[in-house]
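Peer 1: Here it is, the structure, as structure tokens.
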DNA sequence: GTGAAAGCGCTAACAG
DNA sequence: CTGTTAGCGCTTTCAC
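Chains as they are written, first to last, in the working numbering: chain F, 2 to 335; chain L, 2 to 335.
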């Protein structure tokens, strides 16, 4: 029923009548063997159901064959996609993946990553990190890659350019004839500033002014809570750019509740291109931030670093504008 | 810049002028110490930045302080919620979490879990498992819990009762006056049978017949692909129950494209209660399968098993019916 | 309350 | 091609 004890390399060696060193080399495919030996080892392993003990292995090699992946909120499809992408490429190379959902936690992050760090060969971080922990992270002696987060120097990053994305979106909105453009941002997010800046530059270059509002988080409920304040004011914007799709979706939900039509009464757009954006009504114009690809690249890069290769400090992906119904401005009656 | 070498317990012992055994006991809070020693150890640890090496620790204890969590598709909010719940309770107890996204993979599952098994103290599995791997899983000597999957005996499970949920939903639909009721199922899913059975029993008890269709997967696209076949037939059902919300959403999307109104022309319902179901138009009637709670409970149970406690073989949660617009039948004109 | 010593299972020289 | 051996960093008796 329950096995007495898992077979060790020693058991295999004994059963095969060879030394443990030979078994080790066999298991790690480090050389060739005489057919006889090879066969005996193979048989012994099979009959004993032997598996390498990763802990023992990593004790001597110093490598764990695991990567740590910290995200803000696995429930946000944006992060789920990052995990998915990373998982796919990691798995191909035989790496397992620790995932940690930080749940918007602001404290204890250091401690958490600290604990993780000892268990992995590298870290992919897509979380808010207190400024003071940055140096520590950068110098902890293991590869670290930030994803989706703009940072100069200090650290390696993989990201889709939010400044560029915001520019694409803003230029499109202006072309659509929108004049009163607003941004609903979440200042605590590290990517907030560049999205804001990208919008602002384009909008102001047109001689327009960007109205800026704040939301209290990055989930749909954050958008729902902020919506009334933005939608019911006398100088209501003609189009609202939310800092991400979830927030935009929150605005959408609340607009319906308030009897405000999108895009007839007000336009709406977001960032990320999560799946629901495609099928909500009206479908949501957004900037595809290539979440899954970021995850894939981040993992590739971290594996490259582990392999001792030199990689780009700042791997940048190009965002794509997804034009949908929520910004289909009705022909202006003026 | 980069530290020469991570501090070991030996370094701490030397620095504090005590033995490594003492440091070990201190770190693991296994007894009390003379104030002097305690202080010296504390100082040494702090100044050296010492952290326990988990690999070394687990070599001797045989425990890894990690749990493996295998899901079908992390992009499906249902699974993301399970991960989230599990992660939350695991973290509180100091357990890290390996997450594996199986991506609907049908082969290599054994191998994958095999590799995982050596790295964890327990496994939470929410994936399709080939029948022949069941015994192996059940007897691999480590706690295993299946989530969301009906199974008698053999193995521990945490699940929300799909049979019950289907019953709730079916009774409600009948009460709504629906007569031609259909189920769009995915036969490969382990939970498919009980959802189907739950519907069928109620429907047939009413003297009605359940139409059954098949979809080719559990994502929105699966629903989209299957929709036309179901929606355009002469004997179109009055209401369609999809095997999960994603598939239902696919039907919804495709119905729009075909110019078929929900709920006016045909009703629609799903299972899971993922977030988008609440805000699509029309909002989707569904059975809340309590994904996040399942994740929490599964982790609690696995930790209990690891602690040597006896737990329920089959932990069952009650589903809740979420009545929304997609089944708001217009007053029948007949 | 503290320390010495025996491994945990494995890899990596190094010898043969 | 195969084997011997010295640890990797830590916990755990068992003495003192």
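In this text, a Cβ means the ideal position worked out from N, Cα and C, and glycines have one as well.
These numbers come from a predicted model, not from an experiment.
Starting from the Cα of residue 255 of chain F, find the closest Cα among F:281, F:225, F:198 and give me that residue.
Peer 2: F:225
Peer 1: Rank F:237, F:238, F:270 by C-alpha distance to the C-alpha of residue 253 of chain F and give the top, closest one.
Peer 2: Checked all of F:237, F:238, F:270; the closest Cα to residue 253 of chain F is F:270.
Peer 1: Counting only the same chain and skipping the five closest in sequence on each side, list residues whose C-beta sits under 8 Å from that of residue 336 of chain L.
Peer 2: The structure shown does not extend to residue 336 of chain L, since chain L is modelled only from 2 through 335, so no value can be given for it.
Peer 1: From residue 32 of chain F to residue 94 of chain F, what distance separates their C-alpha atoms?
Peer 2: Cα to Cα, residue 32 of chain F sits roughly 20 Å from residue 94 of chain F.
Peer 1: Consult DSSP for residue 219 of chain F and reduce its assignment to one of helix, strand or coil.
Peer 2: Correct three-state label for residue 219 of chain F: coil.
Peer 1: By the three-class DSSP mapping on this structure, what secondary structure does residue 96 of chain L have?
Peer 2: coil
Peer 1: Does residue 276 of chain L come within less than 9 Å of chain F when only Cβ atoms are used?
Peer 2: So, interface residue.
Peer 1: Which whole runs of the alpha helix (DSSP H) in the region 205-291 of chain F are 4 residues long or more, in chain order?
Peer 2: 221-232, 246-259, 277-280
Peer 1: Going by the CB atoms, is the gap between residue 42 of chain F and residue 15 of chain F shorter than 9 Å?
Peer 2: no
Peer 1: For residue 182 of chain L, which three-state DSSP category applies?
Peer 2: strand
Peer 1: Is there a C-beta anywhere in chain L that falls below 9 Å from the one on residue 52 of chain F?
Peer 2: yes
Peer 1: What do you reckon, are the CB atoms on residue 115 of chain F and residue 52 of chain L nearer than 9 Å?
Peer 2: yes
Peer 1: Is the separation between the beta-carbon of residue 289 of chain L and that of residue 323 of chain L shorter than 9 Å?
Peer 2: yes
Peer 1: Closest Cβ-Cβ distance between residue 104 of chain F and chain L: below 9 Å?
Peer 2: yes
Peer 1: Can you tell me whether residue 136 of chain L is buried or exposed, with buried defined as 16 or more other CB within 10 angstroms of its CB?
Peer 2: exposed
Peer 1: Just verifying my parser: in three-state terms, what is the DSSP assignment at residue 123 of chain F?
Peer 2: Residue 123 of chain F: strand per DSSP, three-state reduction.
Peer 1: For chain F, check one thing: does any of its Cβ atoms lie closer than 9 Å to the Cβ of residue 97 of chain L?
Peer 2: So, interface residue.
Peer 1: I'd like the span of the alpha helix (DSSP H) that includes residue 63 of chain L, first residue to last.
Peer 2: That residue, residue 63 of chain L, is in no alpha helix (DSSP H); it is neither H nor E in DSSP.
Peer 1: DSSP beta-bridge partners for residue 148 of chain L?
Peer 2: L:159
Peer 1: Is it right to say residue 61 of chain L is buried, meaning 16 or more other beta carbons lie within 10 angstroms of its own, or is it exposed?
Peer 2: exposed
Peer 1: Run down chain F in chain order and give the residues with a C-beta less than 8 Å from the C-beta of residue 76 of chain L.
Peer 2: 78, 81, 82, 85, 276
Peer 1: Quick check on residue 157 of chain L - is its C-beta less than 9 Å from some C-beta in chain F?
Peer 2: no
Peer 1: Determine, using beta carbons only, whether residue 265 of chain F and residue 188 of chain F come nearer to each other than 9 Å.
Peer 2: Contact: no.
Peer 1: Quick check: residue 128 of chain F and residue 291 of chain F, are their CB atoms within less than 9 Å of each other?
Peer 2: no
Peer 1: Counting Cβ pairs closer than 8 Å, one from the region 142-150 of chain F and one from the region 62-82 of chain L, do we hit at least three?
Peer 2: no
Peer 1: Need the endpoints of the beta strand (DSSP E) that residue 68 of chain L sits in, please.
Peer 2: 67-72
Peer 1: Taking the alpha helix (DSSP H) that residue 136 of chain F belongs to, which residues open and close that run?
Peer 2: 135-139
Peer 1: So, residue 203 of chain F versus residue 250 of chain F, is the Cβ gap smaller than 9 Å?
Peer 2: no
Peer 1: Give the range of the beta strand (DSSP E) segment to which residue 128 of chain F is assigned.
Peer 2: DSSP places residue 128 of chain F in no beta strand (DSSP E); its state is neither H nor E.
Peer 1: Using a cut-off of 7 Å between C-beta atoms, extract the partners of residue 55 of chain F located in chain L.
Peer 2: Within chain L, the residues near residue 55 of chain F are 119, 120.
Peer 1: Taking Cβ-Cβ distances shorter than 7 Å, what residues in chain F pair up with residue 60 of chain L?
Peer 2: For residue 60 of chain L, the neighbours in chain F by C-beta distance under 7 Å run, in chain order, 56, 57, 60.
Peer 1: Show which residues of chain L have a CB atom less than 8 Å away from the CB atom of residue 65 of chain F.
Peer 2: 56
Peer 1: Name the two residues that bound the continuous beta strand (DSSP E) containing residue 15 of chain F.
Peer 2: Here residue 15 of chain F belongs to no beta strand (DSSP E); instead the alpha helix (DSSP H) covers 10-17.
Peer 1: Among F:86, F:139, F:85, F:90, which has the Cα closest to the Cα of residue 111 of chain F?
Peer 2: Looking at the Cα atoms, F:139 is the closest of the given residues.
Peer 1: Output the boundary residues of the beta strand (DSSP E) element that contains residue 321 of chain F.
Peer 2: 321-323
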